[in-house]
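Heads up, the thing below is written out as structure tokens.
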Amino acid sequence: MKTYAGIPEENASLENSKVVLVTVPYDGTSTWGKGADKGPELFLDASENMELYDIETGTEPYLEGVYLAGEISENSTPEAMTEAVYQKTKELLATDKLFTLFGGEHSVSIGSIRAVGEKFENLTILQLDAHTDLRPEFHGSTSNHACAVFEANQKHNLVQVGIRSMDVEEVEYLPEGRVFFAHEIANNENWVNDVLEKVSGNVYITIDLDAFDPSIAPSTGTPEPGGLQWYPTLELLRKVFEKCNVVAFDIVELMDSAYSKPSAFLAAKLYYKMLAYYHINKD
């Protein structure tokens, strides 16, 4: 039996786990760097090579259990993939465990955010990303990676962090007062608290790894200079888990390349840190 991070089977069963993890190896609409379909495999491999004691919190998050709920392999069309993710998310949300997802390109988040938004009222979507992903449609599809949070922005409180690339057509869709551009973050020592003021209630966190600077996460589909750094990002996430009720999160856009190992390990550590923050605030 394959388990998340190679943890013991008793910590990996559905009944003994407080967390469920689904993978979506989809890369059907990416337009430059290809290979995000290999992201989940790289993430799981890196996770098996982590130390499982979290120094910062003094905890071993895996002891709370992580159930590896399989992969969603539907890739016939972007819309079919979105529907498959939506249905699987609904199924897993019914278990009342923390829902987590690892992609795949960012379009995989559309279906999961849709399902989470149906279950939880007063939902904030906290998006860490280099790109706004606010196009109503792109290349003939509303389920394109460039449309990843368009629907979420129409229905929920969207807060965007780390943005440094967008198309002019997206300007009209920017959530007013809730976009934290990377060039502004670079000159604002109080940016973490400013973001926290906009985040409340139930929260879904979606992290595109290109939110990070390519110096620490180079293996992603569209790496953009000037990105987020590791410790300030962890500070933000830790405070979000302290303040709010995080009900789900995803990490996307890990790409297979010659430089994939550092990025895969960052993704693995990021996921595990988020589990640590979740559990210490639930106990």
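Residue numbers (the working numbering): 1 to 283.
A virtual CB, placed ideally from N, CA and C, is assigned to each residue, including glycine.
DSSP three-state assignment for residue i, whether helix, strand or coil
i: A94; result: coil
i: T59; result: strand
i: F99; result: strand
i: G265; result: At residue 265 the sequence reads Phe, which differs from the Gly that was named. In this structure, F265 counts as helix in the three-state DSSP scheme.
i: L14; result: coil
i: Y204; result: strand
i: V240; result: helix
i: Q229; result: coil
Residue j beta carbon less than 8 Å from that of residue i
i: V252; j: D213; result: no
i: A46; j: F265; result: yes
i: W40; j: P25; result: Sequence check: residue 40 is Pro here, not Trp. Result yes, Cβ atoms of P40 and P25 sit closer than 8 Å.
i: R164; j: F138; result: no
Where the beta strand (DSSP E) through residue i begins and ends
i: I72; result: No beta strand (DSSP E) contains I72, which DSSP labels as neither H nor E.
i: V24; result: V19 to V24
i: L52; result: From DSSP, L52 is part of no beta strand (DSSP E); its letter is neither H nor E.
Span separating the alpha-carbon of residue i from that of residue j
i: G28; j: P78; result: 7 Å
i: G162; j: L275; result: 22 Å
i: E71; j: K269; result: 20 Å
i: G140; j: V22; result: 27 Å
i: L126; j: S30; result: 22 Å
i: S112; j: D129; result: 17 Å
i: E10; j: H279; result: 18 Å
i: E121; j: A258; result: 42 Å
Element boundaries [alpha helix (DSSP H), containing residue i]
i: D250; result: No alpha helix (DSSP H) holds D250; the beta strand (DSSP E) holding it covers N245 to V252.
i: Q154; result: F150 to K155
Closer than 7 Å: residue i CB and nearest the ligand COA heavy atom
i: A5; result: This structure lacks the ligand COA, and indeed carries no ligand of any kind.
Inter-stretch contact at 8 Å, needing at least 3 Cβ pairs: the region 92-104 / the region 178-186: Between the region 92-104 and the region 178-186, the count of Cβ pairs shorter than 8 Å is below three; the stretches do not touch.
Contact the region 236-244 vs the region 199-208: 3+ CB pairs below 8 Å: Yes: the two stretches touch, three or more of their Cβ pairs being nearer than 8 Å.
Segment contact flag, the region 48-58 with the region 142-152, C-beta cutoff 8 Å, min 3 pairs: By the Cβ rule, the region 48-58 does not count as touching the region 142-152, because fewer than three pairs are nearer than 8 Å.
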